[in-house]
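Colleague: Each residue of the sequence shown is one higher than the one before, starting from 1 at the first, in the UniProt record's numbering. Note that CB positions come from ideal geometry on N, CA and C, so glycine has one too. Every value quoted in this text rests on a predicted model; they were computed, and no experiment measured them.
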Amino acid sequence: MSRFPEAFQEETRKRLGNDFGLFMESLNGAAPVSIRQNPAKNALPLPGKPVPWSAFGRYLETRPSFTLDPRLHGGAYYVQEASSMFIEQAFRQLTDLHAPLNVLDLCAAPGGKSTHILSLLSDQSLLVSNEVIRSRASVLAENLQKWGYQNSVVTNSDPDHFQSLPGFFDVMVIDAPCSGEGLFRKDHEAAEEWSPQHVALCASRQKRIVADAWPALKEDGILIYCTCTYNEQENEDNLLWLREQHDVEFLKVSIDGWNIQETKKNDVIGYRFFPHRVEGEGFFMSVIRKKQVSPSLRLKANRDLTPAPAKIVNTLQSWIHHPERVSFFQWKDLLYFFPEAHTLHLGMLHQHLKVVNAGIATATVKHDKLIPEHALAMSTDLRRENFKTLSVGHDEAIRYLRRDPLTLPETDKGYHLIVFEDVALGWVNSLGNRFNNMYPVEWRIRMQKTS
């Protein structure tokens, strides 16, 4: 007896026809393993063959123990399913990546698409990554902190809160929560939870999410709508509903012979990934241009952002590249920096949304001393030459990431950056006769190292 619901199989058989047998065979095979490199981290080249639709994606021949790879914890790469990397083509083909763009990733946790988008945008652009569930927003903030880009804001708000930002975003990505049909190969729970009623519930929720956030997209802005499911109810039918409500245009993406299926239903253009046709999981994407006029947002100075004390700004500026491009702020004992070009935007986001994290946390002030923050170690703006560094091998790196006792060479007192294969992992504080491990306790590796 198949572990896949009969109603799902019947619907898919109608869609695929003679390909149905190949499709079902692929669901019983092994899922490909893929990662995406962080182009801003000076890491060693990663192995494997390239993902055709992503400049940063690689397929691995086998699945390693990612938890025990220090480079993952240093943000050198992200473990991501290959099909979902296709959003890169929407950005490359349909936006001007050299222009300053305001981008919203509305359903962003755990951070795969947000880290990908940051790698594509110019440093003059701004990404707002939102997650409505608080615990998942914390995971999102962690992954973005490891990625190390300053032009990022993490929020924890309901989609309808974005209506208070009319016409603010040039690009909106909605990776809508769905029934997960495209993940059946590796997620048995998704298959067990699937039912026609669940599909209908997901479709209704997706409409609400799109409707709530739609006012925040500017005129001529684009929505990248995607799901990890196959059915039309959660994909084309939802977008037909959007067309009935608003003036929109569906945009084509070149698929360059990658075996991606371009589909059309009335005016809706979509792109489907089937695991028997591509090396990846099930995925759907459509790109929609908003044609209707949207009111524009008027920016006002915000007094809630407290500038960092002038007496310590000079020190903070020496810690990063291009300090003239950022502003330093203080929140309680925490000092952080954020792109100068977007400080008004940040104040506005604080007014209307629940901001979890913004920019790069740089230091805390304790007894009039500056203690470097972990986010600074992860930052692509860190001026590493202005800090003492300790290069470690794999075993010592894992001990550091587990917060086990360290065996490091004697060195000067003070803060040192721990580096593995040119990837920064975090700080230690040398007291002369011992080291205090400053790696975040909540992020420590709990897996015991295996041979």
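Which residues mark the beginning and the end of the beta strand (DSSP E) in which Ser152 is found?
Modeller: Taking the first residue of the sequence shown as 1, we reach residue 152 at position 152. 152-155 is the extent of the beta strand (DSSP E) around Ser152.
Colleague: Cβ atoms of Leu183 and Trp214: under 9 angstroms apart, would you say?
Modeller: On the sequence shown, residue 214 is found 214 positions in, with the first residue counted as 1. On the sequence shown, residue 183 is found 183 positions in, with the first residue counted as 1. Not closer than 9 angstroms, so no.
Colleague: Val423 to Arg71, Cα distance in whole Å?
Modeller: Counting from one through the sequence shown, the residue named residue 423 turns up at place 423. Counting from one through the sequence shown, the residue named residue 71 turns up at place 71. The alpha-carbon atoms of Val423 and Arg71 are separated by roughly 6 angstroms.
Colleague: Got a sec: does the ligand COA put a non-hydrogen atom nearer than 8 angstroms to the Cβ of Val103?
Modeller: With respect to the ligand COA, the structure offers nothing, as it holds no ligand at all.
Colleague: Between the alpha carbons of Ala30 and Glu279, how many angstroms are there, rounded?
Modeller: Residue numbering aside, residue 30 sits at position 30 when the sequence shown is read from its first letter. Residue numbering aside, residue 279 sits at position 279 when the sequence shown is read from its first letter. Distance between the alpha carbons of Ala30 and Glu279: 11 angstroms.
Colleague: Helix, strand or coil: how does DSSP classify Glu193 here?
Modeller: Translated into the one-based positions of the sequence shown, residue 193 becomes position 193. If DSSP states are grouped into helix, strand and coil, Glu193 belongs with the helices.
Colleague: So, under 8 angstroms CB-CB, Met85 and Ser54 are touching, yes? Tell me the CB distance rounded to an integer number of Å.
Modeller: Here residue 85 is taken as the residue at index 85 of the sequence shown, counted from 1. Here residue 54 is taken as the residue at index 54 of the sequence shown, counted from 1. Their Cβ separation, rounded to whole angstroms, is 4 angstroms, which keeps Met85 and Ser54 in contact under 8 angstroms.
Colleague: What is the DSSP secondary structure of Asn437, counted as helix, strand or coil?
Modeller: Position 437 of the sequence shown, counted from the first residue, corresponds to residue 437. In the structure shown, Asn437 sits in a strand (DSSP, three-state: E or B).
Colleague: For a test of the three-state rule: what should DSSP assign to Asn314, helix, strand or coil?
Modeller: Numbered from its first residue, the sequence shown carries residue 314 at position 314. Secondary structure at Asn314: helix, using DSSP grouped into helix, strand and coil.
Colleague: Suppose the cutoff is 6 angstroms on Cβ atoms and the five residues either side in sequence are ignored; what does the same chain contact list for Leu16 look like?
Modeller: One-based indexing of the sequence shown puts residue 16 at position 16. Counting only Cβ-Cβ distances below 6 angstroms, and skipping sequence neighbours, we find Phe23.
Colleague: Going along the chain, which residues of its own chain have a beta-carbon closer than 8 angstroms to the beta-carbon of Arg383, five neighbours each way excluded?
Modeller: Residue numbering aside, residue 383 sits at position 383 when the sequence shown is read from its first letter. Excluding sequence neighbours, Arg383 sits near Ser318, Trp319, Ile320, His321.
Colleague: Taking its Cβ as the centre, do 16 or more other Cβ atoms sit within 10 Å of Val441, making it buried, or is it exposed?
Modeller: Start at 1 with the first residue of the sequence shown, and residue 441 comes out as number 441. An exposed status is given to Val441, since fewer than 16 other beta-carbon atoms sit within 10 Å of its beta-carbon.
Colleague: Buried or exposed: Leu97, going by 16 or more other Cβ atoms within 10 Å of its Cβ?
Modeller: Looking up residue 97 in the sequence shown gives position 97. Classification for Leu97: exposed.
Colleague: Taking 7 angstroms as the limit between beta carbons, can you name the residues of its chain near Met1, skipping five residues before and five after?
Modeller: Numbered from its first residue, the sequence shown carries residue 1 at position 1. For Met1, the predicted structure reports a pLDDT of 40, less than 50, and the residue's modelled location is therefore unreliable. A value from the coordinates is still provided. Nothing listed; no residue qualifies.
Colleague: Give the straight-line distance between the Cα atoms of Arg399 and Gln80, rounded to the nearest whole angstrom.
Modeller: Residue mapping note: residue 399 aligns to position 399 of the sequence shown, counting from 1. Residue mapping note: residue 80 aligns to position 80 of the sequence shown, counting from 1. One C-alpha to the other measures close to 26 angstroms.
Colleague: Got a sec, what are the start and stop residues for the beta strand (DSSP E) Met172 sits in?
Modeller: Locating residue 172 in the sequence shown gives position 172, where the first residue counts as 1. Element bounds for Met172: 169-175.
Colleague: Could you tell me the alpha carbon to alpha carbon distance between Asn151 and Ala99, rounded to whole angstroms?
Modeller: By one-based count along the sequence shown, residue 151 stands at place 151. By one-based count along the sequence shown, residue 99 stands at place 99. So the two alpha carbons sit approximately 14 angstroms from each other.
Colleague: Could you give the DSSP three-state label for Arg205: helix, strand or coil?
Modeller: Counting from one through the sequence shown, the residue named residue 205 turns up at place 205. Residue state, collapsed to three classes: helix.
Colleague: Look up Met1 in the DSSP assignment and say whether it is helix, strand or coil.
Modeller: Sequence index remark: in the sequence shown, residue 1 carries index 1 (1-based). Any reading at Met1 must be qualified, since the residue scores a pLDDT of 40, below 50, and its modelled position is unreliable; the value itself is stated next. Note: Met1 maps to coil in three-state DSSP.
Colleague: In this structure, what does DSSP give as the bridge partners for residue 533?
Modeller: Outside the modelled stretch of the chain, which goes from 1 to 451, sits residue 533, for which no answer is possible.
Colleague: Answer with buried or exposed for His342, where buried requires no fewer than 16 other C-beta atoms within 10 angstroms of its C-beta.
Modeller: Start at 1 with the first residue of the sequence shown, and residue 342 comes out as number 342. With 16 or more other Cβ atoms within 10 Å, it is buried.
Colleague: How many Å lie between Val171 and Leu104 at the Cα?
Modeller: One-based indexing of the sequence shown puts residue 171 at position 171. One-based indexing of the sequence shown puts residue 104 at position 104. Going by the C-alpha atoms only, they are around 6 angstroms apart.
Colleague: Note down, one range per segment and in chain order, each beta strand (DSSP E) of at least 3 residues found wholly within the segment 6-68.
Modeller: 33-37, 57-60
Colleague: For the structure I just gave you, are there three or more beta carbon pairs, one from the segment 58-72 and one from the segment 113-123, closer than 8 angstroms?
Modeller: Fewer than three Cβ pairs drawn from the segment 58-72 and the segment 113-123 lie within less than 8 angstroms of each other, which leaves the two stretches out of contact.
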